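Engineer:
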Amino acid sequence: MMKFPMGFIGHGSPMNIITDNSYTKSIYNICETLPTPKAIMVVTAHWMSDGATAVTTSQNPELIYDFYGFPNELYEIKYPCPGFPEISRVLKDLDIKPIDTYGLDHGVWSILKHMYPKADVPVVALSIDMAQPAIYHYEMGKKLKFLREHDILVLGSGNIVHNLYLADMNYDTTPYQWAIDFENEVVTNLKSRNFESLIEYGDKKNNAIPTKDHYLPLLYILGMVDKSDTIEILYKGIQNKSISMLSFLFK
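Its first residue numbered 40, the sequence shown is counted upward by one per residue in this note's numbering.
(1) Under a three-way DSSP split, which group does E271 fall into?
(2) Going by DSSP, name the residue or residues bridged to V193.
(3) For the alpha helix (DSSP H) containing A218, name the first residue and the last one.
(4) Less than 8 Å separating the beta-carbons of I167 and W86?
(5) Given that a residue counts as buried once 16 or more other Cβ atoms are within 10 Å of its Cβ, and exposed if not, what is A84?
(6) Which one or two residues does DSSP pair with I135 in a beta bridge?
(7) Does the distance from the C-beta atom of S283 to that of V147 stay below 8 Å?
(8) Which residues in the same chain as P53 place their Cβ atom closer than 8 Å to its Cβ, once the five residues preceding and following it in sequence are excluded?
(9) So, is K157 buried or exposed, given that buried needs 16 or more other C-beta atoms within 10 angstroms?
(10) Do you know whose CA, among L288, T250, K117 and Q278, lies nearest E271's CA?
(11) From the DSSP output, read off the bridge partner residues of F289.
(12) Measuring alpha carbon to alpha carbon, tell me which residue in I56, G122, V81 and H176 is nearest P100.
(13) Can you give the Cα-Cα distance for V226 and G241, rounded to whole angstroms?
(14) Expressed to the nearest angstrom, what Euclidean distance is found between the alpha-carbon atoms of Y259 and N209?
(15) Taking the C-alpha atoms as reference points, what is the distance between T96 and P137?
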């Protein structure tokens, strides 16, 4: 049985939604290089739950503009994709709570606007239970691995390095060396399948991960990796001095 690709996409500043740069070019229209999925599930850094993991089940999910102080143009963008209520049946054996009142935050639609610009594939969002340790998120990824055999594309949306406290407003500012070094270290561990170290990072605080919300989506993807998978780096680089836009697929 064919295993569907899956991966992690850095989303960074909402300005990437309307900016033409090397990062947005790298993920644009990626749908043309992949099989057509039955649905897309995005594990989003911007839906943080407490004590439970939840999934959206709305037939027509509304967009959530969960960012402030940006150009009006961003708040007028539409991404009219359908939802996938069937996901509650698909996940019925897992401890995941169906929610029909939550829409799609920008961790979801900001990347899909580039990757699937036609908005013609059903989309659901998965929350991150912030009450759980890093290993929980990796193990949840393992439990979700079967989705790859159901033609569902699973994407983690966050940032490997995400330090807003030290970020610069200009996306092309010279990065901090520690941000470059940590991104390189993560790539090395991904390629060598040293997932244990990557999981451990999820419970530690450093300049690269002052808060864990944007890092944790990575662990779901690691849990879904198969021994036969190969990694394809779509983009590697730092924006805003302290935001890694590392994006990759496992196929």
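Glycine included, C-beta positions come from ideal geometry on N, C-alpha and C.
Computed from a prediction, not measured in an experiment: that's the story for all the values here.
Structural biologist: Taking the coordinates as given:
(1) strand
(2) M45 and M80
(3) Q216 to K230
(4) yes
(5) buried
(6) T92
(7) no
(8) F106, F109, L113, H145 and S149
(9) exposed
(10) L288
(11) M45 and I270
(12) G122
(13) 15 Å
(14) 30 Å
(15) 6 Å
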